[in-house]
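This report concerns only the one structure given below.
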Amino acid sequence: MAKEPEPKRGLSQSVVSRRKILALFGLAAAAGVSEAVLNACSGGGKNEVAKTSTPVPTKESTPTLVPTAEPTPTPKPEPTPTPTSEVWTDEDIAAKLFSVRDSANSVADAYPKSQLLGVLKADTQTAFEAFKQVLKTKDYSSALEPLNGFGNVGTNIGQFICFTTDGKGEPEGKAWVDIKDFVLKVGLQYEKAGYLEAGMTETFKEAFFTFPEVCPNPNGSAILNN
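Under my numbering, read the sequence shown as residues 468 to 693, first letter to last.
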């Protein structure tokens, strides 16, 4: 017995649904292509975020410094050094000591009959020996006595020059200057060093080497006030 043909079945629900979905996707794709074409032609379309390029910083050029001439400083004048009094060493003082003794003795020898100069040599020798001892022992504080002794010798020669007309001007003029310089310079040096009392040099000057501006002997004034 022949089999009866089976009746045709309609499309199942799931098949129909799948076809619909595919059809919809196809339409959407077609619409998308069309929209893309339209956008390309019209320049429209969705707003895209514009890509901005980050600016590369340019290297700043270093300005060339133009050297400016600096003003030449005005040189300051060097201060003039204050002159300092010469300092005599013991050797210097010893040489002066012998010179002073010889000068004083030359006056006594030049006027042997002068009563004013009668003890000049003896006084000179006493002061000379005492000062030699000062230098030998380096006991400079004991220099006061021999300096007084030479001051007295200088006073005697000064009186001879100022108050008598027996002199000829030399050798008494040189002897007086030599003795005065020795007593005042050594005295001041020892005074500054503290070996003599302050003001002693000025005392020597006033006591032994100050004479009237006008002496009875006109020639004496020129010698003593030099």
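Each residue gets a CB set at the ideal place from its N, CA and C atoms; glycine is no exception.
Measuring straight from C-alpha to C-alpha, what distance separates S573 and G621?
Translated into the one-based positions of the sequence shown, residue 573 becomes position 106. Translated into the one-based positions of the sequence shown, residue 621 becomes position 154. Distance between the alpha carbons of S573 and G621 is about 13 Å.
So, are the CB atoms of L614 and I560 less than 9 Å apart?
In the sequence shown, the residue the question calls residue 614 occupies position 147. In the sequence shown, the residue the question calls residue 560 occupies position 93. No, they are not a contact pair.
Proximal residues to D557 (C-beta, below 7 Å), its chain only, five neighbours per side dropped:
Along the sequence shown, one-based indexing puts residue 557 at 90. Excluding residues within five positions, the ones whose Cβ falls inside 7 Å are L602.
Please state the DSSP three-state secondary structure of Q592.
In the sequence shown, counting from the first residue as 1, residue 592 sits at position 125. In this structure, Q592 counts as helix in the three-state DSSP scheme.
Endpoints, the alpha helix (DSSP H) within which T668 is located:
The residue given as residue 668 occupies position 201 in the sequence shown. Residues 667 to 675.
State the CB to CB distance for the pair F627 and G634, rounded to an integer number of angstroms; the pair is presumed to be in contact (CB under 8 Å).
Translated into positions along the sequence shown, residue 627 becomes position 160. Translated into positions along the sequence shown, residue 634 becomes position 167. At roughly 6 Å, the Cβ-Cβ gap stays under 8 Å, so F627 and G634 are in contact.
For F565, count neighbouring C-beta atoms within 10 Å of its own C-beta (all shown protein chains included) and say buried if the count is 16 or more, exposed if not.
The residue given as residue 565 occupies position 98 in the sequence shown. F565 comes out exposed.
Would you kindly check if the distance between the Cβ of V650 and the Cβ of F436 is under 9 Å?
In the structure displayed, the chain extends from 468 to 693; residue 436 sits before or after that span and is not available.
Please name the residue in F678, Y662, E658, P679 whose C-alpha comes closest to that of E669.
To locate residue 669, count along the sequence shown from 1; it is residue 202. It is E658.
Leaving out five residues before and five after S581 in sequence, what residues of the same chain have Cβ atoms less than 7 Å from its Cβ?
Along the sequence shown, read from residue 1 onward, the residue named residue 581 stands at position 114. Closer than 7 Å at Cβ, skipping near neighbours: F627, D633.
Quick one: measure Cβ to Cβ for L587 and N623, integer angstroms, because I've assumed they're closer than 8 Å.
The residue labelled residue 587 in the question sits at position 120 within the sequence shown. The residue labelled residue 623 in the question sits at position 156 within the sequence shown. The pair is a contact, with the Cβ atoms about 6 Å apart (cut-off 8 Å).
List, from N- to C-terminal side, the beta strand (DSSP E) runs of 3 residues or more that fit wholly inside the segment 610 to 674.
none
Measure how close the beta-carbons of L583 and G625 come, nearest whole angstrom, since I'm counting them as under 8 Å.
If you number the sequence shown from 1, residue 583 lands on position 116. If you number the sequence shown from 1, residue 625 lands on position 158. Rounded, the Cβ-Cβ distance is 10 Å, inconsistent with contact.
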